[in-house]
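Residue numbers (my numbering): 1397 to 1556.
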Amino acid sequence: MILGLGTGWDANEFANLGLPFLPARDRQAALAEAIEIIQGVWGEDPFSFEGQHFRCAGAHVSPLPRQRPNPPIMIAGSGERRTLRQVATSADACNIMQIDPFGGGLLSPEAVANKLAVLHRHCEKIGRPFGTVLRTYTTGWTILARDEAALQAKLAHYFP
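Structure (structure tokens):
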């Protein structure tokens, strides 16, 4: 098992869940706290944590995960300052998505290569071998339709 996590980027998804769509910096901080809690409750002893976004007292997962010390954690996203630095410090894997949710459009192969170079630099700064990070890539959606009108109708339905 690999546990995939991310900060989220679709405000509509947050609204549908009745959750506030916090600024990226706050979502990143919440993700860091979540990772700390997840890794803590996968430990041998009860875990307590008090953060800005989350808290727990004496929490423990039982039975413990079979993968020790814990299942690998994958962080999705390609933000160069925060997300890829967080991958270097706290994750076993990253997932870079072809669709750029913040800049719009698609990431070119050169842009993906640049993201991986940034991740490599973050790893170097903390003394982590770059090769220890599993690097994955998601191509996004494939939507099939019989003609352009049907495609546009599907796009309007799924991405209002």
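Glycine included, C-beta positions come from ideal geometry on N, C-alpha and C.
Please classify residue i: is it buried, with 16 or more other beta-carbons within 10 angstroms of its beta-carbon, or exposed?
| i | result |
| --- | --- |
| R1423 | buried |
| L1503 | buried |
| H1518 | buried |
| T1403 | buried |
| L1515 | buried |
| G1473 | buried |
Using only alpha-carbon positions, find the residue among the options that is nearest to residue i.
| i | options | result |
| --- | --- | --- |
| V1437 | H1449, Q1448, L1460 and G1447 | L1460 |
| N1491 | S1504, I1431, L1512 and G1447 | L1512 |
| Y1471 | R1464, P1465 and T1479 | Per the sequence shown, residue 1471 should be read as Ile rather than Tyr. It is T1479. |
| Q1463 | T1403, M1397 and D1406 | M1397 |
| R1524 | A1546, G1536, D1488 and F1555 | D1488 |
| H1449 | T1528, P1416, P1505 and A1549 | P1416 |
| G1475 | P1465, R1421 and A1426 | R1421 |
| V1508 | E1409, F1445, T1535 and A1552 | T1535 |
Kindly give me the distance between the Cβ atoms of residue i and residue j, rounded to whole angstroms, as I take these residues to be in contact under 8 Å.
| i | j | result |
| --- | --- | --- |
| Q1482 | A1428 | 7 Å |
| L1605 | P1467 | Nothing can be reported for residue 1605, as the shown portion of the chain is limited to 1397 through 1556. |
| A1430 | L1401 | 7 Å |
Less than 7 Å between C-beta atoms, sequence neighbours within five positions excluded: which residues of the same chain meet that for residue i?
| i | result |
| --- | --- |
| I1522 | A1484 and T1485 |
In chain order, what residues of the same chain lie with their CB nearer than 8 Å to the CB of residue i, ignoring the 5 residues before and after it?
| i | result |
| --- | --- |
| F1443 | I1433, G1436, V1437, C1452, G1454, A1455 and H1456 |
| A1411 | F1417 |
| E1440 | L1460 |
Excluding sequence positions up to five away, which residues of its chain have a Cβ less than 6 Å from the Cβ of residue i?
| i | result |
| --- | --- |
| Y1533 | I1492 |
| N1510 | none |
| Curious, which full-length beta strand (DSSP E) runs of at least 3 residues does the stretch 1470 to 1505 contain? | As far as the stretch 1470 to 1505 is concerned, its whole beta strand (DSSP E) runs of at least 3 residues are 1489 to 1493.
| query | What runs of the beta strand (DSSP E), each 3 residues or longer, lie entirely inside the stretch 1407 to 1437? | reply | none
| field | Inside the stretch 1528 to 1555 only - alpha helix (DSSP H) runs reaching at least 4 residues | value | 1544 to 1554
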